[in-house]
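Report on one structure; see the data block that follows.
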Amino acid sequence: MSKASRRITNLAIAGVVSISLSSCVKQLWQETYPGPDGFFSEAIDLIEDTTNNIAILGRTRTTDSNDTLYIAKYNAHGEFLWDYKDAGFIQLHYPNRHLIESDQHNNTFYSGISLQNQVRIGLINPAGEALWTKTIQSQSSGLVSFFDLALTNNQEYLAFTHTNGLEAYNIDGQIQWSFNPWHDANDSTLATTQPFPLGEIAVSEQGYIFLNTGSKVFKLNPQGEQLATITAEQLSLEYIGDIETSHSHLAVMGGEQGFTRIQVLNHDLAIEYGHVLTTENAYGSLAFRDDQHLCYAANDINQSVLISGMLNEHGIVWQNNDLRRLYLKELVNLQVDDKHCLITQVEADDLENIKTYTHYTDNTGSISKSAMLQDFFAAKSLVSKQYLYTIGITGEYDGSITEATLTKQQIQ
(Lines of atoms letter the chains of each structure in order from A and count residues from 1; the text may use other names and numbers.)
(Lines give C-alpha, C1' and ligand atoms only; values in the text may rest on other atoms or scores of the structure.)
Protein backbone atom coordinates (compact mmCIF):
# COMPACT_ATOMS: atom_id res chain seq x y z
CA MET A 1 0.00 0.00 0.00
CA SER A 2 1.36 3.43 -0.86
CA LYS A 3 2.15 6.01 1.78
CA ALA A 4 -0.75 8.18 0.67
CA SER A 5 -3.23 5.31 0.67
CA ARG A 6 -2.39 4.60 4.32
CA ARG A 7 -3.16 8.24 5.07
CA ILE A 8 -6.65 8.38 3.60
CA THR A 9 -8.52 8.41 6.90
CA ASN A 10 -6.39 11.33 8.11
CA LEU A 11 -7.26 13.60 5.21
CA ALA A 12 -9.38 16.71 5.51
CA ILE A 13 -11.56 16.80 2.42
CA ALA A 14 -14.26 19.29 1.44
CA GLY A 15 -16.97 19.11 -1.24
CA VAL A 16 -15.79 18.25 -4.75
CA VAL A 17 -15.47 20.92 -7.40
CA SER A 18 -14.41 20.24 -10.99
CA ILE A 19 -12.02 22.76 -12.49
CA SER A 20 -10.80 22.25 -16.03
CA LEU A 21 -7.30 23.32 -16.83
CA SER A 22 -8.26 23.53 -20.49
CA SER A 23 -11.45 24.76 -22.12
CA CYS A 24 -12.17 21.30 -23.57
CA VAL A 25 -13.13 19.73 -20.21
CA LYS A 26 -16.74 19.76 -18.97
CA GLN A 27 -18.10 18.17 -15.79
CA LEU A 28 -21.30 16.23 -16.60
CA TRP A 29 -22.28 14.82 -13.22
CA GLN A 30 -21.13 13.71 -9.79
CA GLU A 31 -22.66 11.02 -7.55
CA THR A 32 -21.82 9.83 -4.05
CA TYR A 33 -22.39 6.51 -2.29
CA PRO A 34 -22.78 7.37 1.41
CA GLY A 35 -21.86 5.00 4.21
CA PRO A 36 -24.22 3.91 7.03
CA ASP A 37 -25.70 7.02 8.66
CA GLY A 38 -23.39 9.07 6.45
CA PHE A 39 -20.32 7.86 8.39
CA PHE A 40 -17.73 6.34 6.03
CA SER A 41 -17.53 5.03 2.48
CA GLU A 42 -14.80 4.84 -0.12
CA ALA A 43 -14.60 3.85 -3.79
CA ILE A 44 -11.62 1.71 -4.80
CA ASP A 45 -12.12 0.36 -8.34
CA LEU A 46 -14.49 0.78 -11.29
CA ILE A 47 -15.37 -0.87 -14.58
CA GLU A 48 -17.61 -0.08 -17.58
CA ASP A 49 -19.93 -2.67 -19.12
CA THR A 50 -21.05 -3.06 -22.74
CA THR A 51 -24.06 -0.76 -22.21
CA ASN A 52 -21.86 2.04 -20.78
CA ASN A 53 -23.06 1.46 -17.22
CA ILE A 54 -20.40 1.97 -14.55
CA ALA A 55 -19.89 -0.37 -11.59
CA ILE A 56 -17.80 0.79 -8.65
CA LEU A 57 -16.37 -1.37 -5.89
CA GLY A 58 -15.64 -0.03 -2.43
CA ARG A 59 -16.36 -0.40 1.25
CA THR A 60 -18.46 1.19 3.97
CA ARG A 61 -17.86 1.27 7.71
CA THR A 62 -20.12 1.87 10.68
CA THR A 63 -19.17 3.85 13.79
CA ASP A 64 -18.45 0.55 15.59
CA SER A 65 -16.00 -0.48 12.81
CA ASN A 66 -18.12 -3.02 10.95
CA ASP A 67 -16.95 -3.18 7.33
CA THR A 68 -19.02 -4.07 4.27
CA LEU A 69 -17.83 -4.50 0.71
CA TYR A 70 -20.22 -3.03 -1.86
CA ILE A 71 -20.67 -2.90 -5.61
CA ALA A 72 -22.84 -0.03 -6.88
CA LYS A 73 -23.94 0.39 -10.48
CA TYR A 74 -24.84 3.62 -12.28
CA ASN A 75 -25.95 4.30 -15.83
CA ALA A 76 -24.14 6.69 -18.16
CA HIS A 77 -26.27 9.58 -16.87
CA GLY A 78 -25.23 9.01 -13.26
CA GLU A 79 -28.53 7.42 -12.21
CA PHE A 80 -28.20 4.78 -9.48
CA LEU A 81 -29.31 1.32 -10.68
CA TRP A 82 -28.54 -1.09 -7.83
CA ASP A 83 -26.06 -2.07 -5.17
CA TYR A 84 -24.84 -5.38 -3.79
CA LYS A 85 -23.33 -5.75 -0.30
CA ASP A 86 -21.01 -8.39 1.17
CA ALA A 87 -20.72 -7.83 4.94
CA GLY A 88 -17.41 -8.51 6.66
CA PHE A 89 -15.31 -8.05 3.54
CA ILE A 90 -13.31 -5.09 2.27
CA GLN A 91 -10.78 -4.32 -0.47
CA LEU A 92 -7.62 -2.25 -0.50
CA HIS A 93 -6.27 -0.01 -3.24
CA TYR A 94 -3.12 -1.44 -4.83
CA PRO A 95 -1.46 -0.26 -8.06
CA ASN A 96 -2.20 -2.15 -11.28
CA ARG A 97 -4.65 -4.64 -9.79
CA HIS A 98 -8.11 -5.51 -11.05
CA LEU A 99 -10.61 -5.89 -8.23
CA ILE A 100 -13.74 -5.89 -10.41
CA GLU A 101 -14.44 -6.96 -14.01
CA SER A 102 -17.46 -6.99 -16.36
CA ASP A 103 -18.07 -9.80 -18.85
CA GLN A 104 -19.78 -9.78 -22.26
CA HIS A 105 -23.15 -10.51 -20.61
CA ASN A 106 -22.70 -7.53 -18.22
CA ASN A 107 -22.22 -9.78 -15.22
CA THR A 108 -19.90 -8.27 -12.61
CA PHE A 109 -16.97 -10.36 -11.32
CA TYR A 110 -15.68 -9.04 -7.99
CA SER A 111 -13.22 -9.74 -5.19
CA GLY A 112 -12.94 -9.01 -1.48
CA ILE A 113 -10.74 -9.80 1.50
CA SER A 114 -11.36 -10.09 5.24
CA LEU A 115 -9.39 -9.68 8.45
CA GLN A 116 -10.15 -13.36 9.11
CA ASN A 117 -7.68 -14.36 6.36
CA GLN A 118 -10.36 -15.01 3.77
CA VAL A 119 -10.70 -14.09 0.10
CA ARG A 120 -14.15 -13.67 -1.46
CA ILE A 121 -14.84 -13.84 -5.19
CA GLY A 122 -18.26 -13.75 -6.79
CA LEU A 123 -20.31 -13.12 -9.91
CA ILE A 124 -23.31 -10.75 -9.93
CA ASN A 125 -25.89 -10.66 -12.73
CA PRO A 126 -26.97 -7.44 -14.53
CA ALA A 127 -29.84 -6.99 -12.03
CA GLY A 128 -27.46 -6.95 -9.04
CA GLU A 129 -28.17 -10.51 -7.84
CA ALA A 130 -25.43 -12.96 -6.88
CA LEU A 131 -25.02 -15.87 -9.29
CA TRP A 132 -22.35 -17.44 -7.08
CA THR A 133 -19.76 -16.61 -4.45
CA LYS A 134 -16.67 -18.47 -3.26
CA THR A 135 -14.75 -18.06 -0.01
CA ILE A 136 -11.09 -19.06 0.00
CA GLN A 137 -9.44 -19.54 3.39
CA SER A 138 -5.99 -18.03 3.14
CA GLN A 139 -2.77 -19.40 4.60
CA SER A 140 -1.50 -15.83 5.01
CA SER A 141 -2.95 -12.53 6.16
CA GLY A 142 -6.15 -11.75 4.30
CA LEU A 143 -4.79 -8.30 3.51
CA VAL A 144 -2.12 -9.75 1.20
CA SER A 145 -3.79 -12.99 0.13
CA PHE A 146 -5.60 -11.69 -2.97
CA PHE A 147 -3.65 -10.62 -6.05
CA ASP A 148 -5.74 -10.09 -9.19
CA LEU A 149 -8.84 -10.82 -11.30
CA ALA A 150 -9.12 -11.15 -15.08
CA LEU A 151 -11.36 -12.53 -17.82
CA THR A 152 -10.05 -14.87 -20.50
CA ASN A 153 -10.98 -14.63 -24.17
CA ASN A 154 -13.09 -17.75 -23.58
CA GLN A 155 -15.05 -15.87 -20.89
CA GLU A 156 -13.59 -17.81 -18.03
CA TYR A 157 -13.15 -15.95 -14.76
CA LEU A 158 -9.59 -15.90 -13.42
CA ALA A 159 -8.71 -15.34 -9.77
CA PHE A 160 -5.13 -15.27 -8.48
CA THR A 161 -4.75 -15.82 -4.74
CA HIS A 162 -1.87 -16.64 -2.42
CA THR A 163 -3.49 -19.90 -1.27
CA ASN A 164 -4.88 -21.43 -4.48
CA GLY A 165 -2.66 -19.86 -7.13
CA LEU A 166 -4.44 -19.14 -10.42
CA GLU A 167 -7.92 -20.62 -10.86
CA ALA A 168 -10.30 -20.42 -13.84
CA TYR A 169 -14.06 -20.56 -13.18
CA ASN A 170 -16.94 -20.90 -15.62
CA ILE A 171 -20.11 -18.81 -15.48
CA ASP A 172 -21.62 -21.29 -12.98
CA GLY A 173 -18.70 -20.93 -10.58
CA GLN A 174 -17.15 -24.32 -11.35
CA ILE A 175 -13.37 -24.58 -11.53
CA GLN A 176 -12.21 -25.40 -15.07
CA TRP A 177 -8.49 -25.55 -14.35
CA SER A 178 -5.89 -24.29 -11.92
CA PHE A 179 -2.18 -23.45 -12.01
CA ASN A 180 0.12 -23.41 -8.99
CA PRO A 181 3.06 -21.01 -9.54
CA TRP A 182 4.57 -21.47 -6.07
CA HIS A 183 7.43 -23.91 -6.57
CA ASP A 184 9.20 -22.95 -3.36
CA ALA A 185 8.63 -20.83 -0.27
CA ASN A 186 10.71 -17.92 -1.60
CA ASP A 187 8.32 -17.49 -4.54
CA SER A 188 5.23 -17.02 -2.40
CA THR A 189 7.01 -14.98 0.28
CA LEU A 190 8.30 -12.35 -2.16
CA ALA A 191 4.80 -11.81 -3.52
CA THR A 192 3.55 -10.66 -0.11
CA THR A 193 6.53 -8.78 1.39
CA GLN A 194 6.79 -5.79 -0.92
CA PRO A 195 4.86 -2.55 -0.15
CA PHE A 196 1.92 -4.09 -2.04
CA PRO A 197 1.10 -7.60 -3.33
CA LEU A 198 2.95 -8.35 -6.55
CA GLY A 199 0.75 -10.97 -8.21
CA GLU A 200 -0.85 -9.89 -11.49
CA ILE A 201 -2.60 -11.35 -14.57
CA ALA A 202 -2.38 -10.06 -18.16
CA VAL A 203 -4.33 -11.70 -21.01
CA SER A 204 -3.21 -11.10 -24.60
CA GLU A 205 -5.36 -10.67 -27.70
CA GLN A 206 -4.41 -14.20 -28.73
CA GLY A 207 -5.63 -15.61 -25.42
CA TYR A 208 -2.25 -16.23 -23.79
CA ILE A 209 -2.25 -15.72 -20.04
CA PHE A 210 0.78 -14.03 -18.46
CA LEU A 211 1.09 -14.46 -14.71
CA ASN A 212 3.39 -12.31 -12.60
CA THR A 213 4.31 -13.72 -9.18
CA GLY A 214 6.82 -11.02 -8.29
CA SER A 215 9.75 -13.40 -8.83
CA LYS A 216 8.72 -14.93 -12.17
CA VAL A 217 6.49 -14.40 -15.20
CA PHE A 218 4.71 -17.47 -16.56
CA LYS A 219 3.14 -17.78 -20.00
CA LEU A 220 0.12 -20.11 -20.08
CA ASN A 221 -2.13 -21.21 -22.91
CA PRO A 222 -5.92 -20.71 -22.60
CA GLN A 223 -6.19 -24.13 -20.92
CA GLY A 224 -3.80 -23.09 -18.12
CA GLU A 225 -0.84 -25.12 -19.36
CA GLN A 226 2.63 -23.60 -18.92
CA LEU A 227 4.36 -22.63 -22.16
CA ALA A 228 7.30 -20.54 -20.93
CA THR A 229 8.71 -18.78 -17.89
CA ILE A 230 11.29 -16.11 -17.09
CA THR A 231 12.66 -15.14 -13.70
CA ALA A 232 13.23 -11.72 -12.18
CA GLU A 233 16.93 -12.51 -12.11
CA GLN A 234 16.93 -13.18 -15.87
CA LEU A 235 15.24 -9.79 -16.27
CA SER A 236 17.98 -8.14 -14.14
CA LEU A 237 15.40 -7.44 -11.43
CA GLU A 238 14.98 -8.25 -7.75
CA TYR A 239 11.20 -8.20 -8.09
CA ILE A 240 8.60 -7.68 -10.81
CA GLY A 241 6.06 -4.99 -9.98
CA ASP A 242 3.94 -4.59 -13.13
CA ILE A 243 3.33 -6.34 -16.44
CA GLU A 244 1.40 -5.19 -19.51
CA THR A 245 0.71 -6.98 -22.79
CA SER A 246 0.14 -5.76 -26.35
CA HIS A 247 -0.46 -7.62 -29.62
CA SER A 248 3.06 -9.06 -29.71
CA HIS A 249 4.93 -7.69 -26.66
CA LEU A 250 5.00 -8.02 -22.89
CA ALA A 251 6.39 -5.14 -20.83
CA VAL A 252 7.76 -5.62 -17.32
CA MET A 253 8.64 -3.03 -14.65
CA GLY A 254 10.54 -3.84 -11.47
CA GLY A 255 13.35 -2.94 -9.10
CA GLU A 256 17.00 -3.92 -8.90
CA GLN A 257 19.58 -2.55 -6.42
CA GLY A 258 18.01 0.87 -6.14
CA PHE A 259 17.14 1.14 -9.85
CA THR A 260 13.78 0.86 -11.55
CA ARG A 261 13.98 -0.99 -14.83
CA ILE A 262 11.58 -1.56 -17.74
CA GLN A 263 12.08 -4.59 -19.99
CA VAL A 264 10.09 -5.24 -23.17
CA LEU A 265 9.82 -8.88 -24.24
CA ASN A 266 8.18 -10.72 -27.09
CA HIS A 267 5.45 -13.23 -26.29
CA ASP A 268 8.04 -16.03 -26.14
CA LEU A 269 9.49 -14.14 -23.14
CA ALA A 270 12.71 -13.15 -24.92
CA ILE A 271 13.99 -9.68 -24.02
CA GLU A 272 13.99 -7.23 -26.95
CA TYR A 273 14.88 -3.89 -25.32
CA GLY A 274 14.73 -2.03 -22.04
CA HIS A 275 15.31 1.17 -20.11
CA VAL A 276 16.50 2.16 -16.63
CA LEU A 277 13.87 4.54 -15.36
CA THR A 278 15.19 6.12 -12.18
CA THR A 279 17.93 5.79 -9.62
CA GLU A 280 15.43 5.16 -6.80
CA ASN A 281 13.14 2.19 -6.31
CA ALA A 282 9.71 3.18 -7.59
CA TYR A 283 6.26 1.76 -8.00
CA GLY A 284 4.53 2.50 -11.26
CA SER A 285 2.41 1.46 -14.21
CA LEU A 286 2.82 0.48 -17.84
CA ALA A 287 0.36 0.82 -20.76
CA PHE A 288 0.90 0.11 -24.46
CA ARG A 289 -0.53 2.89 -26.63
CA ASP A 290 0.04 0.58 -29.58
CA ASP A 291 2.26 -2.43 -30.22
CA GLN A 292 5.37 -0.27 -30.64
CA HIS A 293 4.90 2.51 -28.07
CA LEU A 294 4.89 1.91 -24.33
CA CYS A 295 3.74 4.59 -21.88
CA TYR A 296 5.09 4.47 -18.34
CA ALA A 297 4.67 6.39 -15.09
CA ALA A 298 6.22 5.91 -11.66
CA ASN A 299 6.61 7.43 -8.22
CA ASP A 300 9.78 7.05 -6.22
CA ILE A 301 9.14 5.37 -2.89
CA ASN A 302 9.07 8.73 -1.07
CA GLN A 303 6.56 10.18 -3.58
CA SER A 304 8.79 13.20 -4.18
CA VAL A 305 9.43 12.44 -7.88
CA LEU A 306 6.86 11.46 -10.50
CA ILE A 307 8.33 10.29 -13.79
CA SER A 308 6.31 9.68 -16.96
CA GLY A 309 7.27 8.95 -20.52
CA MET A 310 7.04 6.90 -23.68
CA LEU A 311 9.44 4.22 -24.87
CA ASN A 312 9.92 2.31 -28.13
CA GLU A 313 12.60 -0.01 -29.52
CA HIS A 314 14.80 2.96 -30.44
CA GLY A 315 14.78 4.39 -26.91
CA ILE A 316 13.00 7.19 -25.08
CA VAL A 317 10.44 9.08 -27.19
CA TRP A 318 9.87 11.55 -24.36
CA GLN A 319 10.19 11.68 -20.59
CA ASN A 320 8.93 14.20 -18.02
CA ASN A 321 10.40 14.36 -14.51
CA ASP A 322 8.16 16.14 -11.99
CA LEU A 323 10.54 17.18 -9.20
CA ARG A 324 8.26 19.62 -7.37
CA ARG A 325 8.43 19.21 -3.60
CA LEU A 326 4.88 18.74 -2.35
CA TYR A 327 3.32 17.32 0.78
CA LEU A 328 1.79 14.62 -1.41
CA LYS A 329 2.34 13.64 -5.04
CA GLU A 330 0.91 10.20 -5.83
CA LEU A 331 0.44 8.35 -9.10
CA VAL A 332 -3.13 7.00 -9.25
CA ASN A 333 -3.13 5.16 -12.55
CA LEU A 334 -1.96 5.24 -16.17
CA GLN A 335 -4.15 4.76 -19.26
CA VAL A 336 -3.89 5.33 -22.99
CA ASP A 337 -6.06 6.38 -25.90
CA ASP A 338 -5.04 6.39 -29.57
CA LYS A 339 -3.14 9.68 -29.22
CA HIS A 340 -2.18 10.12 -25.57
CA CYS A 341 -0.72 8.71 -22.41
CA LEU A 342 -3.22 9.58 -19.65
CA ILE A 343 -1.75 10.04 -16.19
CA THR A 344 -3.99 10.53 -13.16
CA GLN A 345 -2.27 11.80 -10.01
CA VAL A 346 -3.15 13.27 -6.62
CA GLU A 347 -1.32 16.35 -5.33
CA ALA A 348 -1.48 18.25 -2.05
CA ASP A 349 0.43 21.19 -0.61
CA ASP A 350 -1.09 20.33 2.76
CA LEU A 351 -4.03 18.38 4.19
CA GLU A 352 -6.45 21.19 3.31
CA ASN A 353 -5.63 21.46 -0.39
CA ILE A 354 -5.98 18.14 -2.25
CA LYS A 355 -6.36 17.97 -6.02
CA THR A 356 -6.70 15.19 -8.58
CA TYR A 357 -5.27 15.82 -12.05
CA THR A 358 -5.60 13.80 -15.24
CA HIS A 359 -3.11 14.88 -17.89
CA TYR A 360 -3.41 13.91 -21.56
CA THR A 361 0.18 13.83 -22.87
CA ASP A 362 0.83 13.67 -26.63
CA ASN A 363 3.66 12.13 -28.69
CA THR A 364 6.02 15.01 -27.95
CA GLY A 365 5.59 14.86 -24.18
CA SER A 366 3.43 17.98 -24.13
CA ILE A 367 0.26 18.05 -22.02
CA SER A 368 -2.46 18.82 -24.55
CA LYS A 369 -5.43 18.57 -22.15
CA SER A 370 -5.85 18.40 -18.39
CA ALA A 371 -8.73 18.05 -15.97
CA MET A 372 -8.63 18.81 -12.26
CA LEU A 373 -10.90 17.85 -9.37
CA GLN A 374 -10.51 20.12 -6.36
CA ASP A 375 -10.74 18.58 -2.86
CA PHE A 376 -10.93 15.08 -4.31
CA PHE A 377 -8.66 12.15 -3.40
CA ALA A 378 -8.82 9.81 -6.41
CA ALA A 379 -8.45 6.04 -6.27
CA LYS A 380 -8.78 5.35 -10.01
CA SER A 381 -9.86 6.88 -13.30
CA LEU A 382 -11.30 5.30 -16.44
CA VAL A 383 -11.27 6.78 -19.94
CA SER A 384 -14.11 5.81 -22.28
CA LYS A 385 -13.97 7.52 -25.67
CA GLN A 386 -14.42 11.25 -24.95
CA TYR A 387 -15.44 10.67 -21.33
CA LEU A 388 -13.39 10.44 -18.16
CA TYR A 389 -14.75 8.74 -15.04
CA THR A 390 -12.94 9.23 -11.73
CA ILE A 391 -13.66 7.62 -8.37
CA GLY A 392 -12.34 8.73 -5.01
CA ILE A 393 -13.38 10.13 -1.67
CA THR A 394 -14.89 13.44 -0.62
CA GLY A 395 -16.70 14.58 2.51
CA GLU A 396 -16.60 16.61 5.69
CA TYR A 397 -13.66 15.71 7.88
CA ASP A 398 -14.41 14.96 11.53
CA GLY A 399 -11.95 12.15 12.13
CA SER A 400 -13.08 9.56 9.58
CA ILE A 401 -16.19 10.71 7.68
CA THR A 402 -15.71 10.43 3.93
CA GLU A 403 -17.98 9.63 0.99
CA ALA A 404 -17.30 7.47 -2.04
CA THR A 405 -17.66 9.74 -5.09
CA LEU A 406 -17.93 9.09 -8.83
CA THR A 407 -17.56 11.88 -11.40
CA LYS A 408 -17.97 11.99 -15.17
CA GLN A 409 -16.25 14.60 -17.34
CA GLN A 410 -16.38 15.15 -21.08
CA ILE A 411 -13.02 15.69 -22.76
CA GLN A 412 -13.22 17.28 -26.20
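Here this note's numbering is used: the first residue of the sequence shown is 835, the next is one more, and so on. Glycine included, every Cβ here is placed at the ideal spot set by N, Cα and C. None of these values were measured; they are calculated from a predicted model.
{"query": "Meets three-Cβ-pair contact criterion under 8 Å: the segment 1134-1148 and the segment 880-900", "result": "no"}
{"query": "Residue closest to Thr-1178, alpha-carbon to alpha-carbon, out of Ser-1119, Lys-1242, Asp-1184, Tyr-1191", "result": "Tyr-1191"}
{"query": "For Asp-871, three-class secondary structure by DSSP", "result": "helix"}
{"query": "Where Arg-954 sits in the DSSP three-state scheme", "result": "strand"}
{"query": "Proximal residues to Phe-874 (C-beta, below 7 Å), its chain only, five neighbours per side dropped", "result": "Thr-894, Arg-895, Ser-1234, Ile-1235, Thr-1236"}
{"query": "Where Ala-961 falls, given that 16 or more other Cβ within 10 Å makes a residue buried", "result": "exposed"}
{"query": "Alpha-carbon to alpha-carbon, Lys-968 and Trp-1011", "result": "15 Å"}
{"query": "Chain-order list of residues whose beta-carbon lies under 6 Å from that of Gln-1153 (same chain, five-residue window excluded)", "result": "Gly-1143"}
{"query": "Straight-line gap, Lys-1242 to His-927 (C-alpha atoms, nearest Å)", "result": "21 Å"}
{"query": "Inter-residue CB distance, Asn-1055 and His-1083 (contact presumed, cutoff 8 Å)", "result": "Between His-1083 and Asn-1055 the Cβ distance is about 18 Å, and since that is not below 8 Å, they are no contact."}
{"query": "Closest by C-alpha distance to Glu-1090, when choosing among Asp-1006, Ser-1119, Ser-1049, Lys-1053", "result": "Ser-1049"}
{"query": "Under 8 Å between C-beta atoms of Val-1166 and Val-1180", "result": "yes"}
{"query": "Member of Thr-1063, Asp-1196, Ile-1043, Glu-1186 whose CA lies at the smallest distance from the CA of Leu-1160", "result": "Glu-1186"}
{"query": "C-beta atoms of Thr-1079 and Met-1087 nearer than 8 Å", "result": "no"}
{"query": "Beta-carbon gap between Ala-906 and Asp-917 smaller than 8 Å", "result": "yes"}
{"query": "Sheet register partners of Phe-943 (DSSP bridge)", "result": "Glu-935, Leu-957"}
{"query": "Paired residues, beta bridge with Leu-1168 - DSSP", "result": "Ile-1177"}
{"query": "Reduced DSSP category for Ser-1038 - H, G, I as helix; E, B as strand; rest coil", "result": "coil"}
{"query": "Closest by C-alpha distance to Thr-1198, when choosing among Asn-1155, Val-1151, Ile-1188, Gln-1220", "result": "Val-1151"}
{"query": "Sub-8 Å separation of Ile-958 and Tyr-944 beta-carbons", "result": "yes"}
{"query": "Every unbroken beta strand (DSSP E) inside the segment 1091-1168 [3 residues or more]", "result": "1093-1100, 1105-1112, 1116-1122, 1128-1134, 1140-1146, 1149-1156"}
{"query": "Assigned exposure category for Leu-1061 - 16 Cβ within 10 Å defines buried", "result": "exposed"}
{"query": "Counterpart residues of Gly-892 in DSSP-defined beta bridges", "result": "Ala-877, Tyr-904"}
{"query": "Distance between beta carbons of Tyr-908 and Gly-892, contact taken as under 8 Å", "result": "Actually they are not in contact, since the Cβ atoms of Gly-892 and Tyr-908 sit about 13 Å apart, beyond 8 Å."}
{"query": "Reduced DSSP secondary structure (H/G/I, E/B, other) of Ser-1219", "result": "The sequence as given places Lys at residue 1219; Ser does not occur at that position. Lys-1219: coil per DSSP, three-state reduction."}
{"query": "Cα-Cα separation, Val-953 to Ser-972", "result": "7 Å"}
{"query": "Cβ distance (whole Å) where Leu-1176 is taken to contact Val-1110 below 8 Å", "result": "Incorrect: roughly 24 Å between the Cβ atoms, too far for contact."}
{"query": "CB-CB length for Glu-1059 against Asn-1046, believed under 8 Å", "result": "That belief does not hold up - the Cβ atoms of Glu-1059 and Asn-1046 are roughly 18 Å apart, past 8 Å."}
{"query": "Gly-1092 to Leu-1069 span [Cα, whole Å]", "result": "15 Å"}
{"query": "Nearest-angstrom beta carbon gap, His-1174 and Asn-1146 [assumed within contact, 8 Å]", "result": "Rounded, the Cβ-Cβ distance is 16 Å, inconsistent with contact."}
{"query": "Neighbour flag for Gln-1243 against chain E, beta carbons, 8 Å", "result": "The chain labelled as chain E is not found in the depicted structure, where only one protein chain is given."}
{"query": "CB contact flag (His-932, Ala-984, <8 Å)", "result": "yes"}
{"query": "Distance, Leu-915 Cα to Asp-1124 Cα", "result": "35 Å"}
{"query": "Beta-bridge partners of Ala-984, as assigned by DSSP", "result": "Leu-992"}
{"query": "Reduced DSSP category for His-927 - H, G, I as helix; E, B as strand; rest coil", "result": "coil"}
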